[in-house]
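Novice:
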Amino acid sequence: MKESLNVFGEPLKECSNSPKTGFFRNGCCDTSDEDVGSHTVCVIMTEDFLKYSTSVGNDLSTPMPAMGFPGPKTRR
Numbered sequence: 079m080k081e082s083l084n085v086f087g088e089p090l091k092e093c094s095n096s097p098k099t100g101f102f103r104n105g106c107c108d109t110s111d112e113d114v115g116s117h118t119v120c121v122i123m124t125e126d127f128l129k130y131s132t133s134v135g136n137d138l139s140t141p142m143p144a145m146g147f148p149g150p151k152t153r154r
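First residue of the sequence shown? That's 79 in the numbering used here, and the numbers climb one at a time after it.
(1) Spatial neighbours of SER89 within its chain, please: C-beta separation below 8 angstroms, excluding the five flanking residues on both sides.
(2) In angstroms with no decimal places, state the Cα-to-Cα distance between LYS129 and GLY87.
(3) Given this structure, state the Cα-to-Cα distance separating MET123 from LYS91, to the nearest angstrom.
(4) Evaluate THR140 with the Cβ neighbour count: other Cβ atoms within 10 Å of its Cβ, from every protein chain shown; 16 or more gives buried, anything less gives exposed.
(5) Name the two residues that bound the continuous alpha helix (DSSP H) containing ASP126.
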């Protein structure tokens, strides 16, 4: 598999290990042609964005223990 690069042409860095995220569950925002969900962006989201996202039907805040997702982390 070809090495995935970020927008700066550098190798991807791990984004999340708890739970492992990304299409390949390797902790990186890595993707391939099989990834119909396009898991390509790792971001820091504001509370306002999370509320907006939920209001338009894309709940990114609710913990989903069955999927290994404890809910978003808060920045300190």
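Note that beta-carbon positions come from the ideal geometry of N, C-alpha and C, so glycine has one too. Note that this is a predicted model, so its numbers are computed, not measured.
Specialist: With the structure as the only source:
(1) Within the sequence shown, numbered from 1, the residue matching residue 89 stands at position 11. Sequence inspection shows Pro at residue 89; the Ser mentioned does not correspond to that position. So the list reads GLU81, SER82, LEU83, once near-sequence residues are dropped.
(2) Within the sequence shown, the letter at position 51 stands for residue 129. Within the sequence shown, the letter at position 9 stands for residue 87. Answer to the nearest angstrom: the Cα atoms are 33 angstroms apart.
(3) Looking up residue 123 in the sequence shown gives position 45. Looking up residue 91 in the sequence shown gives position 13. Their backbone Cα atoms lie some 18 angstroms apart in a straight line.
(4) Here the question's residue 140 lines up with position 62 in the sequence shown. The residue in question, THR140, is exposed, as its Cβ has fewer than 16 Cβ neighbours within 10 Å.
(5) To locate residue 126, count along the sequence shown from 1; it is residue 48. Segment 125-133, the alpha helix (DSSP H) holding ASP126.
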